[in-house]
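Residue numbers (the numbering used here): 2 to 128. Ideal placement from N, C-alpha and C gives every residue a C-beta, glycine not left out. Quantities reported herein were computed from a predicted structural model and do not represent experimental measurements. All remarks here apply to the structure that follows.
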Ligand code: FES
Ligand code: FES
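Given below as structure tokens:
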């Protein structure tokens, strides 16, 4: 199976890899999700301003190239978005942007789920 150029670019130069080290993590939402289809794991963090805008994002993904590219891409996409806007992000947009083949669609679903889990974690903390 051939990876698209965009997948290879994100895989070789992943954006925003890592985790936030802040002592006070009340402004950070963390989502950790796994893909039942293959056992891969994705951890995604959002740093949110008092105004509810996503200022920064980090990810760590143990998985295939498509999963790494999907998480790298969404960390770029969510920056500057409100939580409501980020909530609207669809795995189909990710799959389209990265030209993922059908067998790799679940990798993009993992990224959508990770964003939603991180938003939910932030909202729970700041309820
Ligand atoms: Fe899990 Fe792709 S099957 S790495
Ligand atoms: Fe399972 Fe990509 S996340 S193959």
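- Query: In the structure shown, what three-state DSSP assignment does residue 57 receive?
  - Reply: strand
Next item on the list: Would you kindly work out how many angstroms separate the C-alpha atoms of residue 123 and residue 107, rounded to a whole number?
Entry: 24 Å
Point to revise | Complete runs of the alpha helix (DSSP H) confined to the region 83-117 [at least 4 residues] | key: 84-88 and 92-99
Is residue 111 near ligand 2, with its Cβ less than 7 Å from a heavy atom? yes
task: State the Cα-Cα distance for the pair residue 49 and residue 81, rounded to the nearest angstrom.
output: 10 Å
| query | Quick one: does the C-beta of residue 64 sit closer than 7 Å to a heavy atom of ligand 2? | reply | yes
Can you tell me whether residue 127 is buried or exposed? The criterion is at least 16 other CB atoms within 10 Å of its CB, across all chains shown. exposed
Could you give the distance in angstroms between the alpha-carbon of residue 9 and the alpha-carbon of residue 62?
15 Å
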